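Undergrad: Take a look at the following structure, please.
Protein chains: 2
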Amino acid sequence: MLLERELADLHGKEAALLFTSGYVSNWAALGTLAAKMPGCVVLSDALNHASMIEGIRHSRAEKVLFKHNDPEDLDRRLAEIDPGRPKLVAFESVYSMDGDIAPIEEICDVADKHGAMTYLDEVHAVGLYGPRGGGVAEARGLMDRLTVIEGTLGKAFGVMGGYIAASHALCDFVRSFASGFIFTTALPPAIAAGAAASIRHLKVSDAERLRQRDRVARLRARLDAAGIPHLDNPSHIVPVMVGDPVLCKRVSDILLDAWGIYVQPINYPTVPRGTERLRFTPSPLHSDADLDRLMTALTTVWAEVGLMKRSAAE
Amino acid sequence: MLLERELADLHGKEAALLFTSGYVSNWAALGTLAAKMPGCVVLSDALNHASMIEGIRHSRAEKVLFKHNDPEDLDRRLAEIDPGRPKLVAFESVYSMDGDIAPIEEICDVADKHGAMTYLDEVHAVGLYGPRGGGVAEARGLMDRLTVIEGTLGKAFGVMGGYIAASHALCDFVRSFASGFIFTTALPPAIAAGAAASIRHLKVSDAERLRQRDRVARLRARLDAAGIPHLDNPSHIVPVMVGDPVLCKRVSDILLDAWGIYVQPINYPTVPRGTERLRFTPSPLHSDADLDRLMTALTTVWAEVGLMKRSAAE
Numbered sequence: 001m002l003l004e005r006e007l008a009d010l011h012g013k014e015a016a017l018l019f020t021s022g023y024v025s026n027w028a029a030l031g032t033l034a035a036k037m038p039g040c041v042v043l044s045d046a047l048n049h050a051s052m053i054e055g056i057r058h059s060r061a062e063k064v065l066f067k068h069n070d071p072e073d074l075d076r077r078l079a080e081i082d083p084g085r086p087k088l089v090a091f092e093s094v095y096s097m098d099g100d101i102a103p104i105e106e107i108c109d110v111a112d113k114h115g116a117m118t119y120l121d122e123v124h125a126v127g128l129y130g131p132r133g134g135g136v137a138e139a140r141g142l143m144d145r146l147t148v149i150e151g152t153l154g155k156a157f158g159v160m161g162g163y164i165a166a167s168h169a170l171c172d173f174v175r176s177f178a179s180g181f182i183f184t185t186a187l188p189p190a191i192a193a194g195a196a197a198s199i200r201h202l203k204v205s206d207a208e209r210l211r212q213r214d215r216v217a218r219l220r221a222r223l224d225a226a227g228i229p230h231l232d233n234p235s236h237i238v239p240v241m242v243g244d245p246v247l248c249k250r251v252s253d254i255l256l257d258a259w260g261i262y263v264q265p266i267n268y269p270t271v272p273r274g275t276e277r278l279r280f281t282p283s284p285l286h287s288d289a290d291l292d293r294l295m296t297a298l299t300t301v302w303a304e305v306g307l308m309k310r311s312a313a314e
Numbered sequence: 001m002l003l004e005r006e007l008a009d010l011h012g013k014e015a016a017l018l019f020t021s022g023y024v025s026n027w028a029a030l031g032t033l034a035a036k037m038p039g040c041v042v043l044s045d046a047l048n049h050a051s052m053i054e055g056i057r058h059s060r061a062e063k064v065l066f067k068h069n070d071p072e073d074l075d076r077r078l079a080e081i082d083p084g085r086p087k088l089v090a091f092e093s094v095y096s097m098d099g100d101i102a103p104i105e106e107i108c109d110v111a112d113k114h115g116a117m118t119y120l121d122e123v124h125a126v127g128l129y130g131p132r133g134g135g136v137a138e139a140r141g142l143m144d145r146l147t148v149i150e151g152t153l154g155k156a157f158g159v160m161g162g163y164i165a166a167s168h169a170l171c172d173f174v175r176s177f178a179s180g181f182i183f184t185t186a187l188p189p190a191i192a193a194g195a196a197a198s199i200r201h202l203k204v205s206d207a208e209r210l211r212q213r214d215r216v217a218r219l220r221a222r223l224d225a226a227g228i229p230h231l232d233n234p235s236h237i238v239p240v241m242v243g244d245p246v247l248c249k250r251v252s253d254i255l256l257d258a259w260g261i262y263v264q265p266i267n268y269p270t271v272p273r274g275t276e277r278l279r280f281t282p283s284p285l286h287s288d289a290d291l292d293r294l295m296t297a298l299t300t301v302w303a304e305v306g307l308m309k310r311s312a313a314e
């Protein structure tokens, strides 16, 4: 209850509801909302996370995909739906693979125009964005535009668990009907207390957010200087592009075995073929020495597997 | 990895795979196995837990219900299925609402006869049954008869998380294909270490199991002496029957507000109408004084809401 109050306050909502993970919160909340509103249509961003996709699939509600981060396409799709049907627009703020950020205001404008509810996944943003760590919607002053804000305690907050923040009525509704909420065990008290302490700290301390931004900028500058290609984006996620699934796995293996650096290879089907990558997310605790070591490792491995030549040739 | 090795050893299996909860382990493992084996039919006990039901539903595989704890009905159902199709029999050892225990050996015999795989949920049994806490299948020497044993770290082991124990190949298969495993965050290290310590302890210490059995027997005897009706069963679950949803909720509220005793009311749809109940599970740490206080509270509340007369009249 204390933790749910912290979370409701964080997102400027009446209430919050805790789940065992961010995955379960998306699956259970979307699965319940879309299933229980008769005739509901879910408008789902084409790059939504697996947990949202599974939740929508589980609801058996009609799903309409809209082009990634494209409010105009969303507008066209919504215009084709019977105005009398309940509609729910489900999207994310920071997308974890490309690190791009949704045009939240424009999407909310389009949703409002068509009387649609909005469901925003801020899993990769809570703690990291906004003056109190409320996410991108807080940073942009848009929290009141969202019907539901979903987040996790397992990333920036450093513990475990997921949640939704919304109206009392909506949280009570999900609490009463979501199988994935009712028939499972709650978070252990120590985890809940740790999460509450972490949220409270990040509501008043900006030092970690500023330091992370500095670390991200520095990593990007070092990658540029070394000629290692990475996706440009406005977030803290730095996707280093390899473009080959076998090489991607090999680079990851060498980094772990020879350098003790763990970076997951991200291959198809998580990302499209040809865009295989390593995903870096510098933390406030990464030192200059850590970055030096990473760059030495990366440039060595890049040369070793022949990626340097590729980059140069492109 | 260390924790997964403890779990594989606990159940006499080659491998184990961790999930964020018991619910997720059932949902993800059954959802993946049943979906990915072409033509698979799942034979599901009629009283299986919500997490198994949702997992089977999620797989979109054909589901055939068999009568609760009825190997003969299972035999008939299996006989009607094309022998060439993969078949998976999903059931529990201890059923949480009635506290009854499955005829595991007979169900495995029937499954073997028809070449079906077996999936046993030991969530309410791990830690509590078997010389090393491996569950009812361990207590009965049947662990090798099960294709998959599923359990939780959130009940007897006192932490959080769920798992399956099975062959290397099966665990790798689920690891590679289960969305609910891949796209979520792992258990925090402190939780995993706590669970491993708990499992290790209960592998060698029988004191807690013996003490719990004593507490359960004592509670049953006290309820009998007080004329408070409860379901007889061979497990540690003591369902105290109220038989009325409004009274059931009222008794639970009074116990919490006036006595500081928290017992959840269990009403329809979790149990059939007319069998509304309070579910007691005495722990090894409940003292004689705790039992005295509980019985004083129960007999007082029972008289207060008029349940004593009902019981006497029946």
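The listed protein sequences derive, respectively, from chains A and B. The letter at position 201 of the first sequence is residue 201 when you use this note's numbering, and the numbering goes up by one with no holes. The letter at position 6 of the second sequence is residue 6 when you use this note's numbering, and the numbering goes up by one with no holes. Even glycine gets a Cβ: it sits at the ideal position worked out from N, Cα and C. Because the structure is a prediction, the values reported are computed rather than measured.
1. Rounded to whole angstroms, what's the CA-CA distance from L294 of chain A to D253 of chain A? Just pull it up for me.
2. May I ask you to list the residues that DSSP assigns as paired with S44 of chain B?
3. Which residues does DSSP list as the beta-bridge partners of M241 of chain A?
4. Checking contacts by CB at 8 Å: is P188 of chain B closer than that to chain A?
5. Where does A226 of chain A sit, in a helix, a strand or coil, going by DSSP?
6. So, with DSSP's three-state summary, where would you put G55 of chain A?
7. Just to confirm, is the Cβ distance from V123 of chain A to Y129 of chain A under 8 Å?
8. My assumption, with CB atoms under 8 Å, is that G180 of chain A sits in contact with A28 of chain A. Please give the rounded CB distance.
9. If we require 4 or more residues per run, which alpha helix (DSSP H) segments fall completely within the region 4 to 44 of chain B?
10. Got a sec, what are the start and stop residues for the beta strand (DSSP E) M117 of chain B sits in?
11. How about F280 of chain B: is its C-beta nearer than 8 Å to some C-beta of chain A?
12. Could you tell me the boundaries of the beta strand (DSSP E) in which I164 of chain A lies?
13. Please list, in chain order, the chain B residues whose beta carbon lies closer than 7 Å to that of E325 of chain A.
14. May I have the straight-line CA-CA distance separating A15 of chain B from L120 of chain A, to the nearest angstrom?
15. What are the start and end residues of the beta strand (DSSP E) that includes I149 of chain B?
16. Would you kindly check if the distance between the Cβ of L17 of chain B and the Cβ of I164 of chain B is under 8 Å?
17. Quick check: what's the CA-CA separation for D244 of chain A versus G227 of chain A?
18. Which same chain residues, not among the five before or five after S167 of chain B, have their C-beta less than 6 Å away from its C-beta?
19. Would S179 of chain A pass as an interface residue toward chain B - the criterion being a Cβ-Cβ separation below 8 Å?
20. In this structure, how does DSSP classify I266 of chain B when only helix, strand and coil are distinguished?
21. Tell me whether S25 of chain B is buried or exposed, calling it buried when 16 or more other Cβ atoms sit within 10 Å of its Cβ.
22. Under 7 Å between beta-carbons, which chain B residues line up against V159 of chain A? List them in chain order, please.
23. Are there three or more Cβ pairs, one per stretch, closer than 8 Å when the region 186 to 201 of chain A is compared with the region 219 to 239 of chain A?
24. With three or more C-beta pairs closer than 8 Å as the rule, is the region 204 to 214 of chain A touching the region 62 to 78 of chain A?
25. If T118 of chain B and R145 of chain B are in contact, beta carbons under 8 Å, what's the gap, nearest whole angstrom?
26. Rounded to whole angstroms, what is the Cα-Cα separation between K203 of chain A and F280 of chain A?
27. Just tell me which of A:Y268, A:P71, A:C248 and A:A289 has its CA closest to the CA of E304 of chain A.
28. When we look at the beta-carbon of A102 of chain A and count the other beta-carbons within 10 Å, is it buried (16 or more) or exposed?
29. With a threshold of 8 Å between beta carbons, is S252 of chain A in contact with chain B?
30. At 7 Å on the CB atoms, spell out the chain A contacts of G154 of chain B, in chain order.
31. Check for me: the alpha helix (DSSP H) holding A197 of chain A runs from which residue to which?
32. I'd like the list of long-range same chain contacts for A178 of chain A, defined as Cβ closer than 8 Å, with 5 residues on each side in sequence excluded.
33. Would DSSP call I352 of chain B helix, strand or coil?
34. What residues from the region 27 to 55 of chain B come within 7 Å of chain A, judged by C-beta to C-beta, listed N to C?
35. Within 8 Å of any Cβ in chain A, is that where the Cβ of V89 of chain B sits?
36. Give me the Cα-Cα distance between V42 of chain A and R132 of chain B, rounded to the nearest whole angstrom.
TA: Checking against the coordinates, here is how it stands:
1. Counted from its first residue, the first sequence places residue 294 of chain A at position 294. Counted from its first residue, the first sequence places residue 253 of chain A at position 253. Their backbone Cα atoms lie some 14 Å apart in a straight line.
2. Stepping through the second sequence from its first residue, residue 44 of chain B is reached at position 44. DSSP output for S44 of chain B lists B:L65 and B:A90 as bridge partner(s).
3. Counted from its first residue, the first sequence places residue 241 of chain A at position 241. Answer by DSSP bridge pairing, in chain order: A:R277.
4. As a first step, residue 188 of chain B is located in the second sequence; it is residue number 188 there, counting from the start. Yes, because at least one Cβ of chain A sits closer than 8 Å to the Cβ of P188 of chain B.
5. Taking the first residue of the first sequence as position 1, residue 226 of chain A is located at position 226. Correct three-state label for A226 of chain A: helix.
6. Sequence index remark: in the first sequence, residue 55 of chain A carries index 55 (1-based). Residue state, collapsed to three classes: helix.
7. Residue numbering aside, residue 123 of chain A sits at position 123 when the first sequence is read from its first letter. Residue numbering aside, residue 129 of chain A sits at position 129 when the first sequence is read from its first letter. Cβ atoms of V123 of chain A and Y129 of chain A: not closer than 8 Å.
8. On the first sequence, position 180 is the one that residue 180 of chain A refers to. On the first sequence, position 28 is the one that residue 28 of chain A refers to. Rounded, the Cβ-Cβ distance is 3 Å, consistent with contact.
9. 22 to 36
10. As a working note, residue 117 of chain B is residue 117 in the second sequence. M117 of chain B -> beta strand (DSSP E) spans M117 to D121.
11. The sequence position of residue 280 of chain B within the second sequence is 280, counting from 1. Taking Cβ atoms only, chain A never reaches closer than 8 Å to F280 of chain B, which makes this a no.
12. What you label residue 164 of chain A is simply residue 164 of the first sequence in a count that begins at 1. Looking at the DSSP string, the run of the beta strand (DSSP E) that includes I164 of chain A is G162 to A166.
13. The requested residue 325 of chain A does not occur in the structure, where chain A is confined to residues 1 to 314.
14. Here the question's residue 15 of chain B lines up with position 15 in the second sequence. Here the question's residue 120 of chain A lines up with position 120 in the first sequence. A15 of chain B and L120 of chain A: Cα-Cα distance of roughly 38 Å.
15. Reading the second sequence from its first residue, position 149 is the one you call residue 149 of chain B. From DSSP, the beta strand (DSSP E) with I149 of chain B extends over V148 to T152.
16. Mapped onto the second sequence, residue 164 of chain B falls at position 164. Mapped onto the second sequence, residue 17 of chain B falls at position 17. In this structure, L17 of chain B lies closer than 8 Å to I164 of chain B by Cβ.
17. On the first sequence, residue 244 of chain A is found 244 positions in, with the first residue counted as 1. On the first sequence, residue 227 of chain A is found 227 positions in, with the first residue counted as 1. Their backbone Cα atoms lie some 18 Å apart in a straight line.
18. Locating residue 167 of chain B in the second sequence gives position 167, counting from the first residue. These residues qualify, in order along the chain: E14.
19. Within the first sequence, residue 179 of chain A is the residue found at index 179, counting from 1. Chain B, which has a Cβ nearer than 8 Å to the Cβ of S179 of chain A, makes this yes.
20. Within the second sequence, numbered from 1, the residue matching residue 266 of chain B stands at position 266. Residue state, collapsed to three classes: strand.
21. Locating residue 25 of chain B in the second sequence gives position 25, where the first residue counts as 1. When all chains shown are included, S25 of chain B counts as buried.
22. Taking the first residue of the first sequence as 1, we reach residue 159 of chain A at position 159. The answer, in chain order, is P188.
23. no
24. no
25. Sequence index remark: in the second sequence, residue 118 of chain B carries index 118 (1-based). Sequence index remark: in the second sequence, residue 145 of chain B carries index 145 (1-based). Indeed they touch by this definition, with Cβ atoms about 7 Å apart.
26. The residue given as residue 203 of chain A occupies position 203 in the first sequence. The residue given as residue 280 of chain A occupies position 280 in the first sequence. Roughly 25 Å between the two C-alpha positions.
27. Along the first sequence, one-based indexing puts residue 304 of chain A at 304. Nearest option by C-alpha distance: A:C248.
28. Position 102 of the first sequence holds residue 102 of chain A. Buried, since its Cβ has 16 or more Cβ neighbours within 10 Å.
29. Numbered from its first residue, the first sequence carries residue 252 of chain A at position 252. No, no contact with chain B.
30. On the second sequence, residue 154 of chain B is found 154 positions in, with the first residue counted as 1. Result: T185.
31. One-based indexing of the first sequence puts residue 197 of chain A at position 197. Unbroken alpha helix (DSSP H) run through A197 of chain A: P189 to V204.
32. For the purposes of this step, residue 178 of chain A is taken as the residue at position 178 of the first sequence. Around A178 of chain A: A28, A29, G31 and T32.
33. Here chain B has residues from 1 to 314 only, and residue 352 of chain B is not among them.
34. H49, A50, S51 and E54
35. Taking the first residue of the second sequence as 1, we reach residue 89 of chain B at position 89. No, V89 of chain B lies away from the interface with chain A (no Cβ there is under 8 Å from its Cβ).
36. Indexing the first sequence from 1 puts residue 42 of chain A at position 42. Indexing the second sequence from 1 puts residue 132 of chain B at position 132. Cα to Cα, V42 of chain A sits roughly 48 Å from R132 of chain B.
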